[in-house]
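One structure is given below, encoded as structure tokens.
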Amino acid sequence: MIDFSQSTPVILSEVRQLTPTRRELVLNMGPQHPSTHGVLRIRLTLEGETVIACDPVIGYLHRGVEKLGESHRYAQFVPWTDRTDYVAAPSNNLGYVLAVEKLCGIQAPERAQYWRMIMAELTRLASHLVWLGTHALDIGALSVSLYTFRDRELILDIFEKFCGARLTTNMMEIGGFSREIPPELPEMVREFCRYFPKAIQQYEDLLTENPIWLARTKGVGIIEPDVAINYGLTGACLRGSGVNYDVRKAMPYLLYDRVEFDVPLGTHGDVYDRYLVRIEEMRQSIRIIEQCLEQVPTDGPLMAYESQYVIPPHKNVMTTAEDMQRHFIWVIKGFSPPKGEVYHAVEHSKGELGYYIVSDGSPIPYRLRIRSPDFVNLQSLPYMAQGAMLADIVALIGTIDIVLGSVDR
Amino acid sequence: MDWQRLLVSYFVGFVLLNVLLGLMAYMTWFERRVLARMQHRVGPNRTGPFGLLQPIADGIKLLAKEDIVPANADRLVFLVAPLLSFALAPLGAAVIPFGESLHLFGLEIPLLVADINVAVLYVLALGSIGVYGIILGGYASGNRYSLLGALRSTAQVISYELVLGLSLVGVFILAGSFSLQDILREQQRVLVIGPLTLPNWYILSQPLAFALFLIAAVAETNRAPFDLPEAETELVAGYFTEYSGFRFSFYFLAEYINMIVVSLLAGTLFVGGIDGPFADGVWWLALKALFFLFFYVWLRATLPRFRYDQLMGLAWKVLLPLALLNIGLTGLVRLWGIGAL
Amino acid sequence: MSLQVLIFSLLACVSILGALGVVIARNPVHSAIGLVLSFLNVAAIYLIARAEFLAVVQVIVYAGAVIVLVVFVTMLVHPDDLPEFHGRRPLRIVTGLVLGVALLLEVAAAVLTRSLSGAPGPWTDEAVAAVGGNTQALGQTLYSDYMLAIQLTALLLLAATIGAIVLARPEAVSERVAAARRTLTISLAHPRGLDQPERPPALPRPSDGQVKPAGSGRPIVLARSANEFTEQPAWGEWRTP
Amino acid sequence: MSEPRPVPAPTATSPWDTTGYWGPTDPEQHPAVRLIRERFPDALREATVFRDEMTIRVDRRALRDVVEFLRTHPELRYNHLTDITAVDMLYLRERPRFDVVVQLYSIPRRQRLRVKCGVDDGETVPSLVPIFAGANWLERECYDMFGIIFEGHPDLRRILLPEDWDEGHPLRKDYPLRGYRDYVQPGFESPAPRIRGTLRRPGP
Amino acid sequence: MTELSATHFLLLSAALFIIGMVGVLTRRNILVIFMCIELMLNAVNVSLIGFAWELHQLTGQVFALFVIAIAAAEAVVGLGIVMALTRRADTVDIDELRQLRE
């Protein structure tokens, strides 16, 4: 039995300067390129069509979100998290909000937690749909992307019903939700859950057994489990290699310990396995949403109203002087969490999304660090690209599932 | 007399060229509409009824665009390459018979521009010259994506032309001629097998050759899933990355005209061309070609793209041996007279 | 002067211009364009000489395959890598030109003063038309009188193909990648580095209830709790041998 | 208008204090603290707990050895490098100026651990790249944002900012929020006048 | 010379052949030399066809066909050699190492 957890030691070879020999061709893929999913730039050294070296260059979408976090009050920063991974905004909100709640030592009421779970899982579905569509499009399957975007619209409709926004939702609030859930929302989500498995089947019909798809994905971009761990991969990139690490299971947050779901693991660690894993994750997300809808109380508080750290209820602001003062202070000055530092991670659709917040007791975070999953996952691209063909590069970028807003922050 | 025939030929060719250009324009409309239907979309429907004026609007837009020549392009070659591609594309239609002769104004007007006895070889030769437009355009752009696209295209076209040519050898053996007229005439005979009466279409006697031809034709015209030279997700737009305006539209036109010509050729070579039940005529050929064009669009909506090495492997390791096998079998059958029904 | 001669002269002139382009152009790709031009015109001249099949073959083989290959190689190789046969010495160029002109004059004189010899053959236009055309006539001659020659040609082509494959065979990709791993690191901080880890023994298979067939004969494993597959991965083949 | 109510101190009953994902909340009970104290008696500076999160502060010179130890020790096996980042402590303490923060996670034991070390301007931290390949970009980002030099890193260059960015490290506390000056794209130094709505390209 | 005869073909053939020969003698790029050789072979074909046409013989065409086949074979081998040569000329470290070892 191998001691799998102690992965093989890293032996650094000498750094190769990226000066091509005459037989090689340096191809600058990006930052403006149809399949680098934004403004990723990859410096490829090719020999014929075989990739000899691959050096991803990032930072074209760097907006200094962490620096901005050091000048915004805690509640003001929530919209900024939308802009990091813009295809999965509610998950980003959730990670940040949970980190702040942990820092403050508060917890949202049960009902709000269920709705957060539902929204987080819907976000996972939306994000996976974008991933599947673009990934298939990169490999040349034109129609799948339109089908996935068609179904993503349904999820965005739910978001719109819930909070009024579709893409950058700014959905989660510190302490829960301050507005009531629209009464027709549960039925909308239920309707979606009834419909969506058929849609997944449709995508699978087009891709899973398609010989060209298999030829393009099987055996391409293999990451062995020890290498995956060594690179610090998380999410489907790690689980595609067969390592069971899902933050929802490993360290349940919200109420994930109350729902039943399985963590799909790949057995070969190639592009095809990561595809299978993500497809299965979508099915499991539907399972989670259905259980949440069964378990969620129909009424009850949505906000931890008693706490100092949350915005007072709207009705009380209008009727009581004390809450009006609280509201005034909360809005004008913000709230001051205790001194300390917390790290809280959630299972984002792309992997482990962590927020590390250092508080000095002022209403503004002293340091706000976003551990974005795709930034770390993208590091494995040169490893996977070794000896691959040029056409594989787009498959590999797709399989990592990056969003440059999140990579560059 | 000779001059008269020449003039009539020129006239027929002129009409055919214009019809082809019109068809090509509406082929883009057809592709967009069909693709949209397959993808739960609407497609162009705002310009004219059912979007029928869309190709014209597109044409005007492309003509009005700036014609950009990159600074490090090989200027002359860059300017000429798309013209080459475009000029060669419709020539293939010249040898396709569209029906019997017409008698108008006392003249005999053949519905065929040129009846040459190496017609099919002529079409293959045009295909092999047509690749120069792509190679030179990709080379002259001074862009690495274009260069890669051109390299891919070269290797692909050489490989698949081989398959294309060899897949047709079976037909030649059965028909005993390279002339499309003769091949068509052979197919108009009736095949009687016991109680069944079938047309002697070569799709029935050469199904393997037909499949090979179809695959190789898709590859030859650089269409999905063999659209590697212009794979937009890898090579941006391949060999025409740097082209804009009407030079771009020349490549575009050439691609669609090639599709139409190949469809007409497939219709003529394998499914009897103008031959059909009820009444023979050009509409049967049009219907058959339309089916092949639909097949092109269908493929594009369904299949992902091959990788370069897989494409070459398919050509050399699968299709070429199959084509040789088909030739051998057909030769044997012909030799022993079983096929001489 | 008949129309035929006029057309012939036109085609011949363009063909010679193309040939001159091959020699004069600095860029090999331009040379190739000149060559294609020359070949196409020669093919048209073949048509005048009633050699339709050869004309088409000329286009398909020469213009469509040989020159395409040359252009392909031109684009593939770096010009500096090409071996130099002789330097750009003016003496040699002058000698070549003088020699060429002298030879041209000599041959032209010979050609123009020639007295026709050789008996006319049986293949008049009518005879060719009678067997069905140039292709058929050529085929009959080729496969009766020249059977051995054509077999030998086939053998030659086969040998050439094999030779070319052997010559241009790249090192196997795996070998190249292994070489790359040895001498150059693709990624900075490569996790494998130099050593290949030992192949571990077979891993325990996940229990059947957890294995879900997912597609193309490949299962995925469904982990029910957080504790499974953290020590050991659900990894089917550690690495394919 | 009265003063706002004072912020209540977090109580031990807060749900976040009992998650157990970071091991025992008593540093003396925590195996990592105990084993490091045995193995590296000089390097361990302190071990603190906030909201059940265990943070170990070590000497910067020993960082790589400690992390290697945490990774390989059979009782600990923190084999997953979650994050490397830094905090500029300019306004919080005198010296050292930065904290390098390493978040570790043990996949088999399902526990997190945070390792910190202080580093001053001009000092170096041993790179973790020889242990974790994933440290590569994370350390590059730290260097880019804070200017912390990681000794032994094979390729320490800027990652998020342009390679020719010459104006310090933006996540330092003394770096102005809007930068020292407006960033001008090379080649566009002189303001280009707009002529009929199109931007004129500057000549070579 | 008012009627087309084999002489025209021979003159064209001579011109093409000699242009090709001058190219082989003066150019140094192996690919251009290669093309010039093709040109010379083609010139031979022209004269063969010309004679065949004038004499109503098919032998000339048959020989031209063989010349084309041989030219194709020659092209394939020649280009293979070019590829092999460039691969050798461009020494990546691996090759040097291998050469040292042997």
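Chains as they are written, first to last, in the working numbering: chain A, 18 to 426; chain B, 232 to 572; chain C, 411 to 651; chain D, 1028 to 1231; chain E, 11 to 112.
Built from N, CA and C at the ideal position, the CB exists for glycine as well.
These figures come from a predicted structure and were not determined experimentally.
Cβ of residue i within 9 Å of any chain E Cβ
i: residue 468/C; result: yes
i: residue 503/C; result: yes
i: residue 414/C; result: yes
i: residue 563/C; result: yes
Residue-chain proximity (residue i, chain B), Cβ-Cβ < 9 Å
i: residue 451/C; result: no
i: residue 70/A; result: no
i: residue 437/C; result: yes
Within 9 Å, strictly: CB atoms of residue i and residue j
i: residue 157/A; j: residue 458/B; result: yes
i: residue 472/C; j: residue 84/E; result: no
i: residue 284/A; j: residue 628/C; result: yes
i: residue 393/A; j: residue 249/A; result: yes
i: residue 517/C; j: residue 82/E; result: no
i: residue 538/C; j: residue 529/C; result: no
i: residue 60/A; j: residue 48/A; result: no
i: residue 319/A; j: residue 193/A; result: yes
CB contact check: residue i to chain C, cutoff 9 Å
i: residue 1185/D; result: no
i: residue 123/A; result: no
i: residue 266/A; result: yes
i: residue 386/B; result: yes
i: residue 1141/D; result: no
i: residue 366/A; result: no
Cutoff 7 Å; reference residue i; Cβ partners in own chain excluding five residues on either side
i: residue 13/E; result: none
i: residue 602/C; result: Reliability of the predicted coordinates at residue 602/C is poor, the pLDDT of 46 falling under 50, and the value obtained from them is presented with this limitation in mind. Answer for residue 602/C: no residue qualifies.
i: residue 263/B; result: 274, 275
i: residue 401/B; result: 437, 440, 557, 558, 561
i: residue 528/B; result: 262, 265, 266
i: residue 421/C; result: 451, 454, 455
i: residue 207/A; result: 310
Test: residue i CB closer than 9 Å to a CB of chain A
i: residue 482/C; result: no
i: residue 1096/D; result: no
Limits of the unbroken beta strand (DSSP E) element including residue i
i: residue 286/A; result: Looking at the DSSP string, residue 286/A is not in any beta strand (DSSP E), and its letter there is neither H nor E.
i: residue 376/A; result: 368-376
i: residue 66/E; result: Where residue 66/E is concerned, there is no enclosing beta strand (DSSP E), given that its DSSP letter is neither H nor E.
First and last residue of the uninterrupted alpha helix (DSSP H) at residue i
i: residue 383/A; result: Where residue 383/A is concerned, there is no enclosing alpha helix (DSSP H), given that its DSSP letter is neither H nor E.
i: residue 387/B; result: 375-406
i: residue 1173/D; result: 1162-1173
i: residue 418/B; result: 411-418
i: residue 96/A; result: 95-99
Contact set for residue i: own chain, Cβ-Cβ below 8 Å, skip 5 residues either direction
i: residue 301/B; result: 309, 372, 373, 374, 473
i: residue 311/B; result: 367
i: residue 459/C; result: none
Neighbour flag for residue i against chain D, beta carbons, 9 Å
i: residue 465/C; result: no
i: residue 247/A; result: yes
i: residue 94/A; result: no
i: residue 633/C; result: no
Nonlocal neighbours in the same chain, by C-beta distance under 6 Å from residue i, ignoring five residues either side
i: residue 357/B; result: 319, 322, 323
i: residue 442/C; result: 477, 480, 481
i: residue 433/B; result: 402, 501
i: residue 597/C; result: Note that residue 597/C has pLDDT 40, beneath the 50 cutoff, so the model's placement of it is unreliable and the number below is only indicative. The answer is none, since no qualifying residue turns up.
Output, in sequence order along the chain, the residues in the stretch 273-296 of chain A whose CB is closer than 8 Å to any CB in chain C.
279, 280, 281, 282, 283, 284, 285, 286, 289, 290, 293, 294, 296
Can you list, in chain order, the residues of the stretch 139-166 of chain A whose Cβ is nearer than 8 Å to any Cβ on chain B?
153, 154, 155, 156, 157, 158, 159, 160, 163, 164
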